[in-house]
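FYI, our numbering numbers position 313 of the sequence shown as 324, with every residue one higher than the one before it. We put the beta carbon where it would ideally sit given N, CA and C, even for glycine.
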Amino acid sequence: MPAVLCPHGHWADGRFHDHGEAAVRKEIETGAEQFPVGGRHPLQARCVQLARMGCMVFLYDMMGYADGGSFSFELAHRFAEQRPELSSPDHWGMFSAQSELRCLNILGLQTWNSIRAVDWLTSREDCDAERIGVTGASGGGTQTFMLAALDDRITAAFPAVMVSTAMQGGCTCENASYLRVNTGNIEFAALVAPRPIFMSGANDWTVEIETKGLPQLRQHFEMMGCPDHVDAKYFDFPHNFNAKSRMMMYQFFNTFLKLGQSEIVERDYIPLTREEATVFDAQHPAPATDAAAEVALLQSLDAASRARIESLYPTDADSMTEYRRVIGGALEVMVGRTLPAAGAIEYEKLTETEHDGYKSYTARIRNSAYSEDVPAAFVFPANWNSQVVLWIDGEGKSKLYSADGTLIPPVAALVAAGYAIGSVDVLYTGEFTENGQPITQARFVNNPREFAGYTAGYNHPLPAQRAHDLLSLISFAKHHQNQPSALHLVAVNGAAPYAVAAAAIAHDSLSSVVLNTEGFRFANITEIRDVNLLPGAVKYGDLPGIAALIFPTRLMLVAETPQSIGVVQKARRATGGQMQVLREWQDDTVVNWIQRPSPVKGSQAHD
C-alpha cells in the first residue's frame, strides 16, 4: 500500500498535541475545523483520514517532542545561550563551535531521522515503495521539503504554511550553516521537480505564496515538462494545517499517489490517548537527554564521520580524484566560490612610487560580480623575472614593510631576485578597520540567540569571505596583461586558515604555496564568534585535510612536522607532488624554496 510520512512541526507536545476545547470551538465557528475531535487533535486527524483513503501513515517525533529523545525540547528548539562547559575541544555539545565545525546540527539530525523513516517504510513488505508521500506544516513543512529535496524515493510532497519568499524558518531546528546562502525555500521546493509538490499558505509569512514564489515555481516545473506538478493556495486563516488545507492535501495525494478515491470527506474518530501513543513506559524507559548523553551521541556521530572521511585518504591517483571530489566538493560549499574568470577582476591604481630597483603601487581590485573592493599593494622590480609572489599577512598588506618603510627581508630578497609582489587587506584587516588592526570577533546577525546557523546559514563565514578576497587577487594576477609565467602564494601571521582554502580551490593556478600554519587547527576553536570559524572544516579534515587538496602544486608547510600532517603526506605520495616541512620559519629557506623547482636540502622534513 502507499505510505505517507507526517513530520509534525512545532505544535505543542508534537504527536501528543491537544488543541484544547476552547480553541477548537473557535475554529469550528470560523470554519477552520468541522469536528470537535478532529479539530482538537489535528495531527491525528490527517493520519486517520489518509489511512481511510488507503495509506499507511507514519507520524513521527521531531527532536525533543513527545518520545523524541537524545536532545531535550529546550535544547533542540529553544537554545539561546552558549554553554562554556560544553565548548572545549574534547567535551562539546550541540550548537557549540565544535559541533558547527563538524556540521552537526538539529536540522541535519531531524532530516536524517526523516530519511531513516523512509528506509523503514520501504523495508516493509506491505509498503509500495513507488508511492511514498510526505506532508507536514510549519516546521513539519520544513522537514517535508527538505526530505523531498534530498531523497528521490519521495513520490509527492505537500509542505503546508512554510514555503515562501519571506521568513525561511525561525527555529534552530530549521537552520544550519550554509543552508540558505544565496538561496531559500522556494528553490528547495524546486529541487523536488519533476516530482509533484503542492503547498498551502495562510495569514503568516506564506500569505503571498500565490504571487511570490508560485509563479517562479510554475516556470521551473514547466521547463521540466510537468506544469501540473506544482500548485499553491492561500487560505484565509492564521498559521495552520486545518480542515480546509488538509482537504487540499488529501486531494493532492489522491491524485499523485493514485489512491482512487471518488469522494473525500473527513469524519470524526476516536483519538489515541497520550498513554496509547507513547513509546516509553516503566518497562521501556526513555533514553537520557542530559549533557552526558548529548556529548556521547555527538562524539559517536563524529567518530563515524571521521572514519568515513579517513577511508577517503588518497593512496593513488584514482583515490586522490575521489578525495578531491568529496573533500574538494565540500570545500567549494564552505567557501562558496571558485576562481573568478579572466576579466572578472577590475583594477584601479591609486598611487605609484619609484624606489631604487622597483616601483610600489597601492590599488583597489574589484570583483564586480559581487561588488567587492579589496585594498591591494604591489611591488614591481626593474628586473622582473615574469613570476609573482602573492604575500598574504594576517594583519594586511602593510606588513610587506618594516617600521622604517623598507620591504621586510624575505620580500626584499624576492624583489631583488626579480619577483613581483602582490598583497591585499582581506576583509576586516588593514583598511577595512578603523585602527588598521584585524577584528577579534566575527560579526553576527542581530539575533539574541547564540546560534551560528542564524548567521552562517545566510551569509558566508568570515574565513570564506577572506578566501574570496584571495581568489580575486589570484585571478587578477593570473589574468594580468603582463602574463606572468608563475604565481606563488605565501601566507603568514595568521593568514593560513583562509589562505589554505583559497590555495586548495585555485591550486592549478599556483606554482607553489607556502603556509606558515603556526600549528593552527580549526579543532581548537572554542567560540562561535572566532574569526577563523569555518563550519565543517573539522569534519572534512581540518587544515591538513584541506591542504592535501593543494597537490600536485608544490607545497611548503611551516610550524608542522611530518607526524602532524598525515593526510598531506598521503596526498603528496598519491600525486607525486613536492613538499617541504619546516618546524619553524626561516626567511632564507622559504625564499630559496620559492626560487627552486625541488625541495631545499637541509629542511626539517621531506616525507
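Sequence-distant Cβ neighbours of C66 in its own chain, meaning closer than 8 Å and more than five residues away, are M12, P13, A14, V15, G144, F264, L268 and L270. Beyond the five residues adjoining it in sequence on each side, A585 comes within less than 7 Å, by CB distance, of P325, T326, D327, A328, S330 and M331 in the same chain, given in chain order. Rounded to the nearest whole angstrom, the CA to CA distance from S83 to L500 is 47 Å. As for any alpha helix (DSSP H) of minimum length 4 sitting wholly inside the region 427-491, the runs are 464-467 and 473-489, ordered along the chain.
Out of D367, G588 and I338, the CA that lies nearest to the CA of I320 is found in I338. Separation of the CB atoms of N535 and A570 is rounded to 14 Å, and the pair is thereby denied contact status at 8 Å.
Contact check for F248 against T41 passes: the beta carbons are separated by less than 9 Å. In this structure, the alpha-carbon of Y551 lies about 14 Å from that of L312. Secondary structure note for N196: its alpha helix (DSSP H) is the uninterrupted segment N196 to A201. The region 124-141 and the region 37-56 do not touch, with fewer than 3 CB-CB distances between them shorter than 8 Å. Counted as a single uninterrupted DSSP element, the beta strand (DSSP E) harbouring G147 occupies residues I143 to A148. When the five nearest sequence neighbours on each side are left out, the beta carbons in the same chain lying within less than 6 Å of the beta carbon of N196 are those of V174 and Q179, in order along the chain.
Restricting attention to L61, F533 and S523, the CA atom closest to the CA of I275 is found in L61.
Annotation for A513: A478, L481 and L482 place their beta carbon closer than 6 Å to its own, counting only its chain and skipping 5 residues before and after.
Under the three-pair Cβ rule at 8 Å, the region 122-139 does not count as touching the region 356-367.
C114 is bridged by DSSP to nothing; it lacks a bridge partner.
Here the alpha carbons of Y369 and P392 stand approximately 4 Å from one another.
The distance from the Cβ of Q452 to that of V542 is about 7 Å, consistent with a contact at the 8 Å cut-off. Contact between A33 and Y71 does not hold, since their C-beta atoms are separated by about 29 Å, which reaches or exceeds 8 Å. It is roughly 25 Å from the alpha-carbon of V422 to the alpha-carbon of P474. A direct Cα-to-Cα measurement between A582 and G556 gives close to 9 Å.
Pairing R26 with M260 gives a Cβ-Cβ distance that is not under 9 Å. Going by C-alpha positions, Q227 is about 11 Å away from V241.
Rounded to the nearest whole angstrom, the C-alpha separation of N504 and K408 is 12 Å. Runs of the alpha helix (DSSP H) lying entirely within the region 213-250, each at least 4 residues long, are 225-234 in chain order. In this structure, the CA atom of A213 is about 26 Å from the CA atom of L161.
Ranking P170, V59 and V203 by CA distance to the CA of F252 puts P170 first. Closest by C-alpha distance to A510, out of T466, M567, D599 and Q492, is M567. Around the beta carbon of S98, a 10 Å sphere encloses 16 or more other beta carbons of the protein chains shown; the residue is thus reported as buried. Around the beta carbon of Y334, 16 or more other beta carbons sit within 10 angstroms, so the residue counts as buried.
The beta-carbon separation of A463 and I539, rounded to 5 Å, stays under the 8 Å limit for a contact. It is roughly 6 Å from the alpha-carbon of D553 to the alpha-carbon of F533.
When the Cα atoms are used, E277 and D137 turn out to be separated by approximately 25 Å.
Between the alpha carbons of M157 and I165 lies a gap of roughly 11 Å. Relative to the Cα of C184, the nearest Cα in the group Q154, A352 and R336 belongs to Q154.
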